[in-house]
Amino acid sequence: MTVVLAPLPGRVVALADVPDPVFAQQMVGSGVAIEPARGQGPLTVVAPISGKILKLHPHAFVIFGEKATGVLVHIGIDTVKLEGDGFTLIAAEGDTVDAGDPIVSFDPAHIDTTGYSAICPVVVMDSKPDTVESSSVGGDVATGDTLFDWSA
190 MTVVLAPLPG RVVALADVPD PVFAQQMVGS GVAIEPARGQ GPLTVVAPIS GKILKLHPHA
250 FVIFGEKATG VLVHIGIDTV KLEGDGFTLI AAEGDTVDAG DPIVSFDPAH IDTTGYSAIC
310 PVVVMDSKPD TVESSSVGGD VATGDTLFDW SA
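In my numbering, each number is its position in the sequence shown, counted from 1, plus 189.
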């Protein structure tokens, strides 16, 4: 069992409610999304699991953990088009991290000004649709709260 922590504070929403069909239809994998908290200035996004940072972009990262579990955190929708504007990398690709270690910071209010959605999908890579269940959907989470448990 892998415990996946909330990488940032906000309201938990179902992937079906993410305004991107790739995530909404769970093509990347099953999970949930977090609508980031506003009004706190920049937020630090942390590692949801312990492991190695397999991929790191300003707008997204994948951590490969124990039991061959990869977790993707995607910061916003279509935010790749910002080419890093508004994001600050804290960690580096290839780093080994513990759950809760800081990875990147961004300001959701800045993303709001670009017209893109700041919603952040948190997905178990290559998992079958609807295999992640979270009792947190519809509620608020703080950074580091348990978002969901994953068992392959």
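Note that CB positions come from ideal geometry on N, CA and C, so glycine has one too.
Straight-line gap, residue i to residue j (C-alpha atoms, nearest Å)
i: F276; j: K317; result: 30 Å
i: R200; j: T258; result: 24 Å
i: Q229; j: G289; result: 19 Å
i: D315; j: A281; result: 23 Å
i: T332; j: D287; result: 14 Å
i: F337; j: L245; result: 22 Å
i: V260; j: F250; result: 8 Å
i: S324; j: L271; result: 33 Å
i: G218; j: E322; result: 12 Å
i: P241; j: D284; result: According to the sequence displayed, residue 241 carries Lys and not Pro. Cα to Cα, the separation comes out at about 6 Å.
i: I300; j: D274; result: 9 Å
i: T320; j: I279; result: 31 Å
i: L197; j: I252; result: 15 Å
Inter-residue CB distance, residue i and residue j (contact presumed, cutoff 8 Å)
i: I264; j: C309; result: 5 Å
i: A203; j: V326; result: 5 Å
i: P231; j: D296; result: 5 Å
i: A222; j: V207; result: 5 Å
i: V330; j: P291; result: Rounded, the Cβ-Cβ distance is 17 Å, inconsistent with contact.
CA nearest to the CA of residue i, picked from the options
i: Y305; options: I266, V330 and D334; result: I266
i: G328; options: A226, G218, M190 and M216; result: A226
i: W339; options: T303, P210, G220 and Q214; result: G220
i: S294; options: S324, V262, T302 and V321; result: V262
i: M190; options: K270, G254, G273 and T303; result: G254
i: T303; options: D209, A213, V269 and V235; result: V269
i: A298; options: F212, E224 and A213; result: E224
Element boundaries [beta strand (DSSP E), containing residue i]
i: I300; result: Segment P297 to T303 is the alpha helix (DSSP H) holding I300; no beta strand (DSSP E) there.
i: M314; result: C309 to M314
i: T335; result: T335 to W339
i: L278; result: F276 to L278
Below-9 Å beta-carbon distance, residue i vs any chain C residue
i: D301; result: Here chain C cannot be found, since the structure has a single protein chain.
For a minimum of 3 consecutive residues, which ranges assigned as the beta strand (DSSP E) are wholly contained in the stretch 195 to 261? 199 to 203, 218 to 225, 232 to 235, 240 to 246 and 249 to 253
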